[in-house]
Amino acid sequence: DPAEINPNVTEIKPGDSVEVARLPDNIYLRTQDDPDDIIWDRLPTYRTELFPAPPVHPSVKLRFDEGAERSKHLYFQVARTSERFYVRMHWKDASQDSATTVDSFRDGVAIQYALNGADTSYMMGSGPEKPVNIWYWRADDEQQVENLAAGGYGSTSSLDAQNVTGIGSYYPESVAQDSEWRVVMSRPLASEGEHEVSFDQAQVPVAFAVWQGSDNERDGNKRVTHTWIMLDTGVDDESSS
Ligand code: HEM
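Our numbering puts the first residue of the sequence shown at 127, with every later residue one more than the last.
In structure tokens:
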């Protein structure tokens with residue numbers, strides 16, 4: 127519904143490019159990864175639509191509710207200083223699901239980067255030649271982000287370098303539907319190892335995923351952006367190699 131979108135929010139479709147905002151070096155976040163720092167009010171906000179990930183696995187198919195109205199909006203912001211890259215994500219969620227138990231699932235969010243160009247499958251990469259790097263936050267540990275790599279389903283693995291930090295917080299509102307999660311993740315600009323995304327290139331393809339615990343979403347069952355959104359880093363490819 128276009129009427130509901132704030133004029134300061136830019137709608138992003140798959141294939142669109144967004145600019146990584148450059149924070150001056152004399153600006154500091156109150157605490158690194160503070161999801162509610164006032165700096166975020168001054169930076170451009172983007173909104174994109176998430177749709178159910180296609181069921182690729184028989185066990186996901188069993189749980190896949192074809193009829194469900196499951197599209198969802200994700201708001202995101204991207205920024206860098208001379209030393210770190212930051213991404214902030216927020217989305218409405220009427221329930222705070224912080225634990226996985228026998229019959230309940232936790233909320234989560236992730237950003238995925240194609241390591242070897244936009245012809246990589248946005249469905250978690252295409253084999254060892256076209257892998258992805260994934261930063262994965264889960265509501266059961268609001269102050270931790272896992273740094274993962276994958277080259278197709280079933281190959282998801284944790285990286286040696288766990289240098290991605292992050293914090294998420296739930297902001298309840300009197301109208302439950304207006305409540306939201308806000309999550310910031312960041313990493314030093316310099317990458318460590320071949321499976322960490324390099325920000326030293328003009329464009330970085332990204333995709334997002336949100337797991338809504340109250341809808342029993344977990345692993346492959348989640349909402350995702352379909353195909354890549356391109357981040358313009360402001361780095362010149364020719365001068366940086
Ligand atoms: C759009 C199509 C996608 C499909 C069909 C898909 C499918 C799957 C499947 C089958 C699994 C379970 C097996 C495994 O770990 O490999 C999985 C897990 C996972 N996926 Fe995806 N995926 C998609 C997109 C994404 C995106 C865009 C992201 C990140 C932004 C992502 C992040 C993850 C993570 C972090 C896990 C591990 C989850 C856990 O431990 O609970 N996926 N996905």
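Where a beta carbon is used, it is the ideal one built from N, C-alpha and C, also for glycine.
Proximity test, residue i beta-carbon vs the ligand HEM heavy atom, cut-off 8 Å
i           : result
residue 314 : no
residue 253 : no
Proximity to residue i [Cα-Cα], best of the options
i           : options            : result
residue 282 : 146, 259, 296, 150 : 259
residue 158 : 139, 151, 212, 167 : 212
residue 371 : 333, 199, 342, 343 : Given that the chain is displayed from residue 127 to residue 367, the structure contains no residue 371 and the question cannot be resolved.
residue 306 : 148, 216, 291, 204 : 216
residue 319 : 347, 284, 218, 362 : 284
residue 196 : 178, 361, 206      : 178
residue 302 : 328, 149, 220, 153 : 220
residue 150 : 168, 134, 143      : 168
Within 9 Å, strictly: CB atoms of residue i and residue j
i           : j           : result
residue 174 : residue 248 : no
residue 277 : residue 251 : yes
residue 137 : residue 357 : no
residue 226 : residue 344 : yes
residue 201 : residue 331 : no
residue 257 : residue 203 : no
residue 99  : residue 272 : The question about residue 99 has no answer, for the chain in this structure spans 127 to 367.
Q. For the ligand HEM, which residues have a Cβ under 7 Å from at least one heavy atom, in chain order?
A. 179, 180, 182, 183, 186, 236, 237, 238, 248, 249, 250, 260, 262, 274, 276, 279, 280, 281, 282, 333, 334, 335, 344, 345, 346, 348, 350, 351, 352
**Q.** Cβ contact (3+ pairs, closer than 8 Å) linking the segment 162-172 and the segment 334-344
**A.** no
Q) Counting Cβ pairs closer than 8 Å, one from the segment 313-320 and one from the segment 193-210, do we hit at least three? A) yes
(Q) With a threshold of 8 Å, are at least 3 pairs of Cβ atoms found where one atom belongs to the segment 263-275 and the other to the segment 230-241? (A) yes
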